[in-house]
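Residue numbers (our numbering), protein chains in the order written: chain P, 1 to 285; chain C, 286 to 422.
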C-alpha cells in the first residue's frame, strides 16, 4: 500500500526562485535563506519519495479571474513551468502521477470534498520554488509530483478547518492506494507577508513561530483559527498558511496514529517581502 | 453571506473579495494579457491605445497610466494581477510593494532587512501604527 512517510512545509517566494536561477545563492543576503534548506537537501537524498503531493496556490498565472477553483487536483501526466512575465524558470518539467491523482480525486470527492480536476496547466513559482529549494539544481525532479492548487487569492478562501479535514481525507485516500509508494505531502506558502497597500512589508515573527509550534503540537486546535486572524496578524498574503494545514491533516496523528517527529525547523526574515518558514515532519515507523 | 466586516477593520489593507473582483474584473484581465510578450510590446508602444481596448473605467485606466498601485487596488485590482504591470516595467515585487507604502525603495528594503513592518499598532484601524494616519485624539 502507499504510505505517507513525511510532510514538508515551506514558503514559496518568487524572489527565492530568481536568486536560485541567477546563481545568487552564495550572496550573503540569500545565503541566509538557502542555509535553511541545507538539512532538507541532504535528508531528501536519504528519503527520496516516489511521489510528492504538493499543495500550492496559483498566483494569477494559470487561473485568472476567468476561473477560480477553490481546490484543484492536477490529474494530468506532465506540467510545464509557467512564464509569469519574466520568462519560464529554467527548471525541469513536472511529471505527474495520473493514476494516483485520479484515485485521490475519486476518493475525496466521495467524502464530500468537491475538487476540480485539471489535466492541462502550467505551474508557477508556488510549486517550482519549493522544488528548487529542496532538490536543488537538477536535470529532472527525482520523483513524480501531484500539484494541488488552493484558491487563496480571492476571499472567501477555504478555512483552516476545511483544509485540515481535506488533508485527513487526502491522507486516507493515499493510504488506500494499492501500490507500494513512498509519498510525501508538502504544504507551501506564507509565512507572514503583505504585498499590498500602506501596510506592505508586515512581518509578525511571534505569530509565525506560534503557528509553527501549534502546527507541530496541536494542528486540530490550530485549524480553528479564523481566516481573519491570518490576514490581520500575518498580512494579507499570510493567508496562504491555511495550505499548510492540508499537509498537516494528512499526517498519521490526525487520523489516530502516533505524533510525527520534527526532523527540521527553520525561520528567517526576510526574503524580499516575506518571512521564510520551513519545517519537516516524519511519521513514525 | 458577505464577508465578515472585521476584514474591513485592518489598516492599509484591502481584502480582495467577490465584490472587489467584480469591480476590478477587466482591470485584472488586462493585467493578465501582459503575460504575453506581443501584448507587452503593444502596451509599451502606446499604453493609452492598448488600455482603450479593455472595458475598464477611465479611473482604472488613469491609475494604470500613473502606476498608482494603491488606486488600482481601490478600484478592484489584485496585487498578483497588478504585478504583471510591474513585470512589464522590469520592477521587482519588492519595488512594487514598497511603492504602495510612501517609503523610498531604499527605506523599504532597509525595513525588511531589519525585520519588516511591526504588527504593533497595525492590527486595527484607529491604532497608532505606521501603516495608518495617527488617530486625531
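Every residue, glycine too, gets a C-beta built ideally from N, C-alpha and C.
CB contact flag (residue i, residue j, <9 angstroms)
{"i": "residue 89 (chain P)", "j": "residue 17 (chain P)", "result": "yes"}
{"i": "residue 234 (chain P)", "j": "residue 187 (chain P)", "result": "no"}
{"i": "residue 381 (chain C)", "j": "residue 201 (chain P)", "result": "no"}
{"i": "residue 183 (chain P)", "j": "residue 77 (chain P)", "result": "no"}
{"i": "residue 276 (chain P)", "j": "residue 13 (chain P)", "result": "yes"}
{"i": "residue 283 (chain P)", "j": "residue 243 (chain P)", "result": "no"}
{"i": "residue 54 (chain P)", "j": "residue 113 (chain P)", "result": "no"}
{"i": "residue 84 (chain P)", "j": "residue 93 (chain P)", "result": "no"}
{"i": "residue 68 (chain P)", "j": "residue 185 (chain P)", "result": "no"}
{"i": "residue 287 (chain P)", "j": "residue 368 (chain C)", "result": "This structure leaves residue 287 (chain P) out entirely; chain P is present only between 1 and 285."}
{"i": "residue 47 (chain P)", "j": "residue 7 (chain P)", "result": "no"}
{"i": "residue 278 (chain P)", "j": "residue 11 (chain P)", "result": "yes"}
{"i": "residue 36 (chain P)", "j": "residue 268 (chain P)", "result": "yes"}
{"i": "residue 194 (chain P)", "j": "residue 301 (chain C)", "result": "no"}
{"i": "residue 203 (chain P)", "j": "residue 401 (chain C)", "result": "yes"}
{"i": "residue 211 (chain P)", "j": "residue 133 (chain P)", "result": "no"}
{"i": "residue 232 (chain P)", "j": "residue 408 (chain C)", "result": "yes"}
{"i": "residue 344 (chain C)", "j": "residue 360 (chain C)", "result": "yes"}
Min CB distance residue i to chain A below 9 angstroms
{"i": "residue 346 (chain C)", "result": "In the structure shown, chain A does not exist; the protein chains are P and C."}
Contact with chain C by residue i, beta-carbon distance below 9 angstroms
{"i": "residue 86 (chain P)", "result": "yes"}
{"i": "residue 169 (chain P)", "result": "no"}
{"i": "residue 202 (chain P)", "result": "yes"}
{"i": "residue 121 (chain P)", "result": "no"}
{"i": "residue 72 (chain P)", "result": "no"}
{"i": "residue 155 (chain P)", "result": "yes"}
{"i": "residue 64 (chain P)", "result": "yes"}
{"i": "residue 269 (chain P)", "result": "yes"}
{"i": "residue 272 (chain P)", "result": "yes"}
{"i": "residue 29 (chain P)", "result": "yes"}
{"i": "residue 16 (chain P)", "result": "no"}
{"i": "residue 83 (chain P)", "result": "yes"}
{"i": "residue 275 (chain P)", "result": "yes"}
C-beta neighbour in chain P for residue i, strict 9 angstroms
{"i": "residue 352 (chain C)", "result": "no"}
{"i": "residue 289 (chain C)", "result": "yes"}
{"i": "residue 326 (chain C)", "result": "no"}
{"i": "residue 349 (chain C)", "result": "no"}
{"i": "residue 422 (chain C)", "result": "Bear in mind that a pLDDT of 47 at residue 422 (chain C), under 50, signals an unreliable position, so the number given afterwards is only what the model happens to contain. Not an interface residue."}
{"i": "residue 416 (chain C)", "result": "yes"}
{"i": "residue 401 (chain C)", "result": "yes"}
{"i": "residue 341 (chain C)", "result": "no"}
{"i": "residue 368 (chain C)", "result": "yes"}
{"i": "residue 303 (chain C)", "result": "yes"}
{"i": "residue 365 (chain C)", "result": "yes"}
{"i": "residue 389 (chain C)", "result": "no"}
Residue interval of the alpha helix (DSSP H) (run including residue i)
{"i": "residue 125 (chain P)", "result": "125-135"}
{"i": "residue 54 (chain P)", "result": "Careful: residue 54 (chain P) lies outside any alpha helix (DSSP H), inside the beta strand (DSSP E) at 51-56."}
{"i": "residue 336 (chain C)", "result": "332-336"}
{"i": "residue 248 (chain P)", "result": "244-249"}
{"i": "residue 138 (chain P)", "result": "Segment: none, residue 138 (chain P) is in no alpha helix (DSSP H) and carries neither H nor E."}
{"i": "residue 231 (chain P)", "result": "227-234"}
{"i": "residue 20 (chain P)", "result": "14-21"}
{"i": "residue 101 (chain P)", "result": "98-110"}
{"i": "residue 221 (chain P)", "result": "219-222"}
{"i": "residue 39 (chain P)", "result": "38-46"}
Where the beta strand (DSSP E) through residue i begins and ends
{"i": "residue 282 (chain P)", "result": "274-282"}
{"i": "residue 5 (chain P)", "result": "3-10"}
{"i": "residue 261 (chain P)", "result": "261-271"}
{"i": "residue 118 (chain P)", "result": "116-118"}
{"i": "residue 34 (chain P)", "result": "Where residue 34 (chain P) is concerned, there is no enclosing beta strand (DSSP E), although the alpha helix (DSSP H) it sits in stretches over 28-34."}
| message | Output needed in chain order: residues of the region 46-60 of chain P with a Cβ under 7 angstroms from some Cβ in chain C. | response | Within the region 46-60 of chain P, the residues whose Cβ lies closer than 7 angstroms to any Cβ of chain C are, in chain order, 59 and 60.
| said: As an exercise, report each continuous alpha helix (DSSP H) stretch of at least 4 residues that is fully enclosed by the region 148-204 of chain P, in chain order. | reply: 160-174
| Selection of the region 371-382 of chain C by Cβ proximity to chain P, strictly under 8 angstroms | 372, 373, 377, 378, 379, 381 and 382
| At what residue ranges does the region 287-324 of chain C contain a whole run of the alpha helix (DSSP H), taking only runs of 4 or more? | 303-308 and 310-318
| request: Mind checking the region 217-246 of chain P against chain C and listing, in chain order, the residues whose C-beta falls within less than 7 angstroms of any C-beta there? | output: 228, 231, 232, 233 and 236
| field | Cβ-based contacts, 9 angstroms cut-off: residues of the region 188-215 of chain P near chain C | value | Result list: 192, 193, 194, 195, 196, 197, 198, 199, 200, 201, 202, 203, 204, 205, 206 and 207.
| request: Please list the segments of the alpha helix (DSSP H) lying wholly inside the region 351-393 of chain C, counting only runs of 4 or more residues, in order along the chain. | output: 354-359, 364-373 and 378-384
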